[in-house]
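Q: Each number in this note's numbering comes from the position in the sequence shown (counting from 1) with 2 added on. The following block contains the structure, expressed as structure tokens.
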Amino acid sequence: TGPTRKPAPDMLLHALDIFRLPASRALMVGDSPADIDAAKAAGIASLAVRGGYTNIAVENLGANLVIDSLVEVPHAIEMLKEPV
Numbered sequence: 003t004g005p006t007r008k009p010a011p012d013m014l015l016h017a018l019d020i021f022r023l024p025a026s027r028a029l030m031v032g033d034s035p036a037d038i039d040a041a042k043a044a045g046i047a048s049l050a051v052r053g054g055y056t057n058i059a060v061e062n063l064g065a066n067l068v069i070d071s072l073v074e075v076p077h078a079i080e081m082l083k084e085p086v
């Protein structure tokens with residue numbers, strides 16, 4: 003994971019580099035403020051999943067979209083692709 007922890011974006015930026023992907027082609031799925039903040043810092047879209055280990059409502063984390071469970075990820079990806 004490297005010397006820094008989330009919300010530092012280092013591990014996400016490293017993954018983008020390894021896979022030679024632009025941030026616009028990546029998605030962070032998380033359930034904590036650190037997850038969503040790391041995605042923002044890396045310029046990556048994010049999904050917040052309800053039910054994580056935080057006492058902050060996931061709707062307030064600033065993710066691009068909030069979902070109830072991981073089974074919703076494929077549908078959420080399609081929603082994020084739609085023009086705003």
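C-beta: ideal position from N, C-alpha, C; glycine also.
Should lysine 83 be labelled buried (16 or more other beta-carbon atoms within 10 Å of its own) or exposed?
A: By the neighbour-count rule (16 or more Cβ atoms within 10 Å), lysine 83 is not buried but exposed.
Q: With 16 as the cutoff for other CB atoms within 10 Å, does glycine 64 come out buried or exposed?
A: It counts as exposed.
Q: Between the alpha carbons of proline 24 and leucine 18, how many angstroms are there, rounded?
A: Distance between the alpha carbons of proline 24 and leucine 18 is about 7 angstroms.
Q: Which ranges would you report for the beta strand (DSSP E) in the region 11-35 if only whole runs of at least 3 residues count?
A: With a minimum length of 3 residues, the continuous beta strand (DSSP E) runs that stay inside the region 11-35 are 29-32.
Q: With alanine 50 as the anchor, note down where its beta strand (DSSP E) starts and where it stops.
A: Alanine 50 -> beta strand (DSSP E) spans 47-51.
Q: For the alpha helix (DSSP H) containing isoleucine 79, name the first residue and the last one.
A: Start and end: 75-83.
Q: If glycine 54 and serine 34 are in contact, beta carbons under 8 angstroms, what's the gap, nearest whole angstrom?
A: The Cβ separation is near 6 angstroms, so the contact holds.
Q: Quick check on serine 26: buried or exposed, where buried means 16 or more other Cβ atoms within 10 Å of its Cβ?
A: The residue is exposed, with fewer than 16 neighbouring Cβ atoms inside 10 Å.
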